[in-house]
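To start, the structure itself, in structure tokens.
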Amino acid sequence: MIVPDYWAEARKQHRSKDRQLTVRRFGWSSSSEAEAQAMAERRAEEALRQILAGDKTLAQRESKTAYNGATGVPIREEVLARHGEEVITRNSYGARCLNTPSALFADIDFSIAPRARHTLGVFALFTATSVLVGAIFHSWALGFGLWMLSLFLIRGSAALFHRLVLRAQGGHEDMAHRRIHGFLARNPAWGLRVYRTPGGLRLLATHALFEASSPEVAEFFSAVGADPLYVRMCQNQQCFRARLSAKPWRIGIGAHMRPRPGVWPVHPDRMPVRSQWIAAYEQAAAAFAACHFLNSVGSERVHPELGRVIELHDREARANELALPLA
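First residue of the sequence shown? That's 1 in the numbering used here, and the numbers climb one at a time after it.
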């Protein structure tokens, strides 16, 4: 996990009789802008050399991506505080986030969207029904017409089927807790803190430190049904992450963080408008918690280095202030 304080960009050009090539690369540093610029120059030179040598996999320009989707480039967010290896940043929509290289967090999303297999199952059922009707009435035109009509009904039917399956299995939360306890039954050395979030559950493993790329982590994510987007972000950035403050649209702030897009760094001339937005956001967010602590399950062992992470997370997310609404 790398979360730099300084960023820079370098541009290198190559001209020949029939070609002009411009390559841009970022550089970063936790020490100085000069060091970030020197890295950018080196990376741009190397990328230009490789492209000229025939490497067609390299892009000429890197996009400014804060976190989600960024691969091979560190977390590009404003650093608000450092607590040992843990770093608190402000993400692209304004919320404060905890980034940690070894404290295993997992988000479980109680999505209401139907699963892909449910949608495919409904599609297969409608297709089979259309073929059967066409065969019974000896009219493939009728069958094809029913199949075309079914295309407009698939999404709603899949959503209804998904809700019925959830209800039969006890609902999102019961299913999630069963997966968690099933995993713990197979892995009795594990200890977890369980939190309620606005859209699901958050888990924090307390018995050991982990690396985001380890097979143990992949098995855990799969077993508890971790949000696939969260899993990809952890793998891309080789860290774990937990949102510490409210999502703006949940607390009555409809306007995006300014200036757009909310990628760090911001030009000094635009900092006043950003600061104004952040002040309004923080004032509103003070009345909400990001999660509520529910309980601890599994092993009671707490790794010596995780006590401070638990305290930092719970304080900043206001996890023990149960009277506060979640957002």
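The beta carbon of each residue, even a glycine, is placed where N, CA and C say it ideally should be. From a predicted model like this one, the values you see are computed outputs, not experimental measurements.
By a C-beta neighbour count over all protein chains shown, 10 Å radius and 16 as the cutoff for buried, is residue i buried or exposed?
i, result
"P188", "exposed"
"E316", "buried"
"K56", "exposed"
"P228", "exposed"
"V336", "An answer regarding residue 336 cannot be provided, because it is not within the stretch 1 to 327 covered by the chain."
"N91", "buried"
"M1", "buried"
"G156", "exposed"
"I136", "exposed"
"W249", "exposed"
"F152", "exposed"
"Q237", "buried"
"P4", "buried"
Excluding five sequence neighbours on each side, which residues of the same chain lie with their C-beta closer than 6 angstroms to the C-beta of residue i?
i, result
"E35", "S29"
"T197", "C291"
"L142", "G134"
Considering only DSSP beta bridges, list what residue i is partnered with.
i, result
"I88", "A81 and L98"
"A290", "A290 pairs with nothing; no bridge assigned."
"G200", "D109 and T197"
"N320", "Note: N320 sits in no beta bridge, so no partner."
"L326", "A289"
"S296", "R193"
"R61", "R24"
Grab me the residues of residue i's own chain with a C-beta within less than 7 angstroms of its C-beta, minus the 5 sequence neighbours each way, in chain order.
i, result
"R270", "P259"
"E45", "K12"
"C239", "M1, N99, T100, P101 and A212"
At a cut-off of 8 angstroms, would you count residue i as near the ligand MG, judging by its Cβ distance to the nearest heavy atom?
i, result
"R243", "By its list of ligands, the structure shown contains no ligand whatsoever, and the ligand MG lies outside what it can speak to."
For residue i, report the span of its beta strand (DSSP E) as first-last.
i, result
"W190", "Counting along the chain, W190 falls outside any beta strand (DSSP E), and DSSP gives it neither H nor E."
"G27", "R19 to S29"
"A8", "Y6 to S16"
In the DSSP assignment, find the alpha helix (DSSP H) that holds residue i and state where it starts and stops.
i, result
"H303", "Premise fails: H303 is in no alpha helix (DSSP H) and is neither H nor E."
"A47", "E33 to L52"
"A218", "P215 to V224"
Leaving out five residues on either side along the sequence, give the residues of the same chain with a beta carbon under 8 angstroms from the beta carbon of residue i.
i, result
"I88", "V79, L80, A81, R82, R96, C97, L98, N99, L244 and E316"
Completely contained beta strand (DSSP E) runs for the stretch 228-278, where each covers 3 or more residues:
240-243
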